[in-house]
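S.K.: Numbering (our numbering), first residue to last: 48 to 476. Glycine is no exception: its CB is placed at the ideal position from the N, C-alpha and C atoms. Bear in mind that the values here come from a model prediction, so they are computed numbers and not experimental data. Structure in structure tokens, see below.
Now the structure itself:
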């Protein structure tokens, strides 16, 4: 845009100077003017913005845990593949803790297995004890019934005088003894049942405690394994190591980092003024010029336009992303380069290319002054109406009753009406 502005200023100055010279000359031989030959071709209008070269991916990598750098496996500028280990921390302490935790887990698992086996034995013994006490109670109850029957028989015999008092007393003592044994059997059975009933919750509590200890050790091992993995800095994608913020022996944490850049596919992130940006559209062709080499023209195309503008210094700008159209062009720039992006927002094929200074506009009409040559350097003026399709800083795209190669005046236009005799010189030899 700046180059075109300079050209336009110089052209206007030349035209103004020529007009002054021509006005000083007499009109005896006709109105003097400068002419250009009309061209037909491709019209292009561009809008420009400034931007930077961005990498396809760029990430600052840091260790997730603190530690001492034991190995640095890359150097700045080195190309690395995705998944490559870039650096490692000292893992001696973590490895030692992991070994201890695994040993404790094996011991805890063995203890749990032994506990489960012992509880099965204890439960079987309690079940057998209840069964045994139940049998004892059944026997005691049978003994009571037999003692009761014997006492009843002895009492009948005693009343009939067929049994002595001592025999009656022995029968009574036998019943009392049988009742005491029944009570003891009932108490023993109840005690066995209570022990069996309380065994379940107690066994479950001991097993739950043992299993919780195992879960805690498993969590500890998983945490240590994750920490061990975090002692390696791994490339998440293929790229170039741009910078390294630590060395072997350094105590590092999340603050010390390594920067990885994927330079396989570069793009441009450019900003455009709001008054021009509305013409942007994905797919439009563009040229990229690095500030470091103003003569370089790299082919690109608009790939994405941000849906929301950003404001800076009171003015709004629209951000667009542009992709290079070939790898060779992309390799001529580096991430971080500042560039100028020129986007073709309108292209018209096979149109008249009219210099802006040759156009006169009034009351919504536009025309140029054609010079019909009658002799070398001489001719007559003729106004020809045109329709202006678009403009760029130097040319207008137009249609009208004109042909390529015809002469059109570019200065002193107000003095040239239809039929005016003209003495002309070419604007550019």
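1) What are the boundary residues of the beta strand (DSSP E) that residue 109 is part of?
2) Thinking just about the alpha-carbon of each residue, which of 469, 99, 177 is nearest to the one in residue 477?
3) Look at the Cβ atom of residue 445, then the Cβ atom of residue 455, and state whether they are nearer than 7 Å.
4) Taking the alpha-carbon positions, what's the residue 70 to residue 407 distance?
5) Whole-angstrom Cβ separation of residue 331 and residue 390, contact assumed at under 8 Å?
6) Throw me the rounded Cβ distance for the residue 282 and residue 133 pair, which I believe falls under 8 Å.
7) Just to confirm the assignment, what range does the alpha helix (DSSP H) spanning residue 260 have?
8) According to the neighbour-count rule (16 or more other Cβ atoms, all chains shown, within 10 Å of its Cβ), is residue 448 buried or exposed?
9) Assess contact between the region 245-254 and the region 162-170, defined as three or more Cβ pairs (one per stretch) separated by less than 8 Å. Is contact present?
10) Assuming the contact rule is C-beta atoms closer than 8 Å, residue 316 and residue 101 should be a hit. Round their C-beta distance to whole Å, please.
11) To the nearest angstrom, how far is the alpha carbon of residue 80 from that of residue 375?
12) Could you tell me the distance, in whole angstroms, from the CA atom of residue 87 to the CA atom of residue 419?
13) Taking the C-alpha atoms as reference points, what is the distance between residue 137 and residue 368?
14) Run through the DSSP bridge pairs and tell me what residue 473 is partnered with.
15) How about residue 112 and residue 297: do their beta carbons lie closer than 7 Å?
16) With DSSP as the reference, label residue 343 as helix, strand or coil.
17) Report yes if the C-beta distance between residue 218 and residue 197 is below 7 Å; otherwise report no.
18) Check this for me: beta carbons of residue 222 and residue 181, under 7 Å apart or not?
19) So, residue 468 versus residue 77, is the Cβ gap smaller than 7 Å?
20) Is residue 177 helix, strand or coil when you go by DSSP?
21) Out of 263, 187, 259, which one is the CA nearest neighbour of residue 228?
22) Can you give me the C-alpha to C-alpha distance between residue 314 and residue 347, rounded to a whole angstrom?
23) Taking DSSP's pairing of strands, which residues face residue 427 in a bridge?
24) Just to confirm the assignment, what range does the alpha helix (DSSP H) spanning residue 309 have?
25) Which residues does DSSP list as the beta-bridge partners of residue 560?
26) In angstroms, rounded to a whole number, what distance separates the CA positions of residue 289 and residue 147?
27) Between residue 464 and residue 398, what straight-line distance do the alpha-carbon atoms span, to the nearest angstrom?
28) Does the pairing of the region 269-286 with the region 123-130 give three or more beta-carbon distances under 8 Å?
29) Over what stretch of residues does the beta strand (DSSP E) that includes residue 451 continue unbroken?
M.R.: Let's see:
1) Its beta strand (DSSP E) spans residues 104-109.
2) With the chain covering only 48 through 476, there is no way to say anything about residue 477.
3) Against a cut-off of 7 Å, the Cβ pair of residue 455 and residue 445 comes out as no contact.
4) With a pLDDT of 47 at residue 70, under the threshold of 50, the predicted position of this residue should be treated as unreliable, though the coordinate-derived value follows. Each residue's alpha carbon lies about 19 Å from the other.
5) So it is a contact: roughly 5 Å between Cβ atoms.
6) With 8 Å as the limit, residue 282 and residue 133 qualify as a contact, their Cβ atoms being about 6 Å apart.
7) Looking at the DSSP string, the run of the alpha helix (DSSP H) that includes residue 260 is 212-277.
8) Residue burial is scored here from C-beta neighbours: residue 448 has fewer than 16 other C-beta atoms within 10 angstroms and is therefore classed as exposed.
9) Under the three-pair Cβ rule at 8 Å, the region 245-254 counts as touching the region 162-170.
10) 5 Å between Cβ atoms; contact.
11) Distance between the alpha carbons of residue 80 and residue 375: 48 Å.
12) Using only the alpha carbons, I get a separation of about 18 Å.
13) C-alpha separation (whole angstroms): 43 Å.
14) Bridge partners of residue 473: 82.
15) The Cβ atoms of residue 112 and residue 297 lie no closer than 7 Å to each other.
16) If DSSP states are grouped into helix, strand and coil, residue 343 belongs with coil.
17) Yes. Within cutoff.
18) Not in contact: residue 222 and residue 181 (Cβ atoms no closer than 7 Å).
19) Less than 7 Å divides the Cβ of residue 468 from the Cβ of residue 77.
20) Secondary structure at residue 177: helix, using DSSP grouped into helix, strand and coil.
21) Measuring from the Cα of residue 228, the nearest candidate turns out to be 187.
22) Cα to Cα, residue 314 sits roughly 9 Å from residue 347.
23) Answer is 419, 468.
24) Premise fails: residue 309 lies in the beta strand (DSSP E), 304-309, not in any alpha helix (DSSP H).
25) This structure cannot speak to residue 560, because the chain is shown only from 48 to 476.
26) Here the alpha carbons of residue 147 and residue 289 stand approximately 40 Å from one another.
27) So the two alpha carbons sit approximately 25 Å from each other.
28) With a cut-off of 8 Å on Cβ pairs, the region 269-286 is in contact with the region 123-130, counting three or more such pairs.
29) No beta strand (DSSP E) holds residue 451; DSSP gives it neither H nor E.
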